[in-house]
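Notes follow once the structure below has been shown.
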Amino acid sequence: MTNTFTALQQATLTAVVDTFVASVDRDDDPDRFYATKGSDLGADAAVAHYLASHLPPEQFAGLAQLLDTAAVVGLKNQPQSVREVIVGNLAGISPETRGAVAALYQLSVLFSYGLFDAEGRNPLWTGMGYPGITRQPPATPKTLTVITPTEDVTLTADVVVIGSGSGGGVAAGMLAQAGRSVIVLESGGYRNESDFVQSELVAYQNLFLRGGFFPTADGMVSLAAGGTVGGGSTVNWSNSLKTPDAVRAVWADEYKLSDVTGPEFDEHLAAVFERVKCNSGVALQNEPHHRLSDGADALGYSYVVADLNIDPDRFDPAVIGYSGMGDQTGAKQGTLRTYLQDASDAGARLIPQTRADKIDVVDGRAVGVSATYTAADGQTHRVVVEAADVVVAAGSLETPAVLLRSGIGGPAVGTGLHLHPATLVSGVYDEPQDPWHGPAMAGVMNEFAEKHDGHGYLIECVQHLPGLFTTVVPWLSGAGHKELAKTYSRRADWVILVKDRGAGTVTLDDAGNAVHHYPFSDELDRRNFREGIETAIRMQEAAGAQQIFAAGQPFAPWTRGEDLETFIAAVSEIPIGPGGIPVFSAHQMSSAKLGADPTTAVADTEGQLHDTRGVWIADASGMPTCSGVNPMISTMALARRTAANMLATTH
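All residue numbers for the sequence shown refer to our numbering, where the first residue is 49 and numbers rise by one.
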């Protein structure tokens, strides 16, 4: 049954949206930034559609009841000041209503500042100083060999690879170049430079798993993962960090991957670095990076310029900052342009828009994969690929689901999910920061990477995203929110990324879809999370920020001249999670780990399942622990290692 709002509920929802993104009377408003409210931009309709299409019926019913309560007190007919009081009172009824109001706020702001018109513009952007991008990429032919089923079909290959991202793409390239016939199944669509639209909302809908950020089942963490050909390597921010020696030592000592501390794994890392053209020459330090290094230097913390998988010959600093929404220049050397092309050139075939339903097994050995292809018009066709070897590289959120639907992998499937829990701290400076110019993430403050018992946190810059990052602006009133939103071009946003000790799970719902839980209850992880926020605040102050706020704080930003310690103490009291400091994750790992013990690891030390011959793990899910750094290079190196082990195995 489709969720639907009544006319009164819709009118009340519109009033809620316009409460959060309000029309404010100002004499000095030449661009109508203050005067424009959310419904002027169609945000109310977008929020309604999102809620109706994404919420389970029971959650939708609860939200509808909340809107009914707001309607009883006449929310839609009240002036802004009264509506603000009503919305605040609704949030205070219970933890559930607080979470619901927080979600309505985030959606209202995301759509208001993220939507754009036919010319690629949003009326609010001019007042924010955000240029957007109007560049139209040249027509670029698609060069991968693609199969487009028009009926149910059975195909044969030596190897079928599930997933085309940092793991699956590398494995496909390695195996195809070695002479194996390869078919790659990818649940997302095949888009390239000509198709990428430099809008975060369009990118979420077309390039990300489940249409963008989505919550874990417990609501604690918002997840973002690639959902297109090339996977995360198509939409990540290019930061290319090698697996730390301390992490490699744990993988070798505790999980018995003995070669990862030696020259063999060095060779995998070096080969990946070369193929995806990692270099520091393109790591242009834009203003937010200068502020990050300034803050680190002032406090005596280490800061390193990062290597990026960006081709210097195609590098355009005016455009590369948008590449997390798909790179229009072709400079980013993800698997779309590297290993998948190698695979295709060697005869591999790609079937996009195809979900792997299960791995077919006979007498304890893989014989192929059963999958479903979904055409653009919604028609589906059954696809069976018969193959002696199956590489599972659907990403840490989906690889366990494939194994669970197949009834293989043993007791460790879906356990040990690591997320590198993250949040933001923002600084507002006197001078323009223009975060859209230059690479999104080109340096790392790593002083505290292993501060406590081998666990800690990194602080890095982020890609500019006007919709998403305006949701972290403290909301005290409609007018106050507009004032802070207008400072967007002067902001330096930094992400705190925790090397997590605690873990979550991946299970299945009744329909066989992946369900993710991550309680974020580990005391050390929460300590590092809070310490990371405090460190970022101190660095922003040391770098000269005039205002500072943590994501989700329910009070005004710190302003220079105020007591910093009092502000830090107040931030440390904010709850972690929904309605408090938001937690998000773009790094998912370790949910189908490699290791010698079949009770704690899904695959053996070579990468092959303990309980099923011919099924191999070649993505971040195979990491025995989290990488502790941006995981792309570690994922690629592990996938290359698994592919090499496959090639060394005779049947």
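Glycine included, every Cβ here is placed at the ideal spot set by N, Cα and C.
This structure is a prediction, so every number in the text was calculated from the model and none was measured.
- If you draw a straight line from the Cα of Asp75 to the Cα of Ala83, it is about 10 angstroms long.
- Secondary structure at Gln595: strand, using DSSP grouped into helix, strand and coil.
- For Ile681, the enclosing alpha helix (DSSP H) covers residues Met680 to Leu695.
- Secondary structure of Gln588 (DSSP, three-state): helix.
- Short of 7 angstroms from the beta carbon of His316, and not among the five residues preceding or following it, lie these beta carbons of its own chain, in chain order: Ala685, Arg688 and Arg689.
- In this structure Arg574 does not touch Gln481 by the C-beta definition: roughly 30 angstroms separates them, more than the 8 angstroms allowed.
- Contact check for Val130 against Phe68 fails: the beta carbons are separated by 9 angstroms or more.
- Sixteen is the threshold: since fewer than 16 other Cβ atoms of the shown chains lie within 10 Å of the Cβ of Ser101, the residue is exposed.
- DSSP places Arg397 inside the beta strand (DSSP E), whose first and last residues are Arg397 to Ile399.
- The three-state secondary structure of Ala441, taken from DSSP, is coil.
- Residue burial annotation: Asp501 is exposed, with fewer than 16 other C-beta atoms found within 10 angstroms of its C-beta.
- Bridge pairing for Tyr421: Thr402 and His429 [DSSP].
- For Val130, the enclosing alpha helix (DSSP H) stretches over residues Gln128 to Ala139.
- Within the same chain, and ignoring the five residues on either side of Gly486 in sequence, the residues whose Cβ sits closer than 8 angstroms to its Cβ are Leu332, Gln333, Asn334, His337, Pro365, Ile368 and Gly369.
- Listed as beta-bridge partners of Pro263 by DSSP are Ser270.
- Exclusion of the five residues before and after Ala634 leaves Ala272 as the residues of its chain whose Cβ lies within less than 6 angstroms of its Cβ.
- Boundaries for Glu621: no alpha helix (DSSP H) harbours it, and the DSSP string shows neither H nor E there.
- Within 10 angstroms of the beta-carbon of Ile681 lie 16 or more other beta-carbons, which makes it buried.
- Residue state for Val650 is assigned as coil, using DSSP reduced to three classes.
- By the neighbour-count criterion, in which a residue is buried when 16 or more other Cβ atoms sit within 10 angstroms of its Cβ, Ala696 is exposed.
- Nearest C-alpha to Glu498 among Gly676, Met222, Arg413 and Ile195: Gly676.
- Per DSSP, the unbroken beta strand (DSSP E) holding Gly475 starts and ends at Ala470 to Val476.
- The beta carbons of Ala640 and Gly670 sit about 6 angstroms from each other, so the pair counts as a contact at 8 angstroms.
- Judged by DSSP in its simplified three-state form, Met489 adopts coil rather than helix or strand.
- In the DSSP assignment, Tyr370 falls outside any beta strand (DSSP E), carrying neither H nor E.
- Of the candidates Glu434, Leu465 and Ile507, the residue whose Cα lies closest to the Cα of Val352 is Ile507.
- CA-to-CA, the gap between Gly90 and Ala224 works out to about 48 angstroms.
- Looking at the backbone, the Cα of Leu56 and that of Ser87 are separated by about 16 angstroms.
- Checking the DSSP bridge columns, you'll see Ser633 partnered with Leu271.
- Secondary structure in the segment 80 to 168: the alpha helix (DSSP H) runs of 4 residues or longer, each lying completely within the stretch, are 91 to 102, 105 to 120, 128 to 139 and 143 to 162 in chain order.
- Taking 9 angstroms as the cut-off, the beta carbon of Ser620 is found closer than this to the beta carbon of Arg578.
- If you look at His565, you'll find it in the beta strand (DSSP E) that goes Ala562 to His565.
- Between the segment 435 to 450 and the segment 206 to 214, the count of C-beta pairs closer than 8 angstroms reaches three or more; the two stretches touch.
- Residue range Asp355 to Asn357 is occupied by the beta strand (DSSP E) that includes Asp355, with no alpha helix (DSSP H) assigned at that position.
- Taking 9 angstroms as the cut-off, the beta carbon of Ser212 is found closer than this to the beta carbon of Gly279.
- Ser160 and Leu172 have their C-alpha atoms some 8 angstroms from each other.
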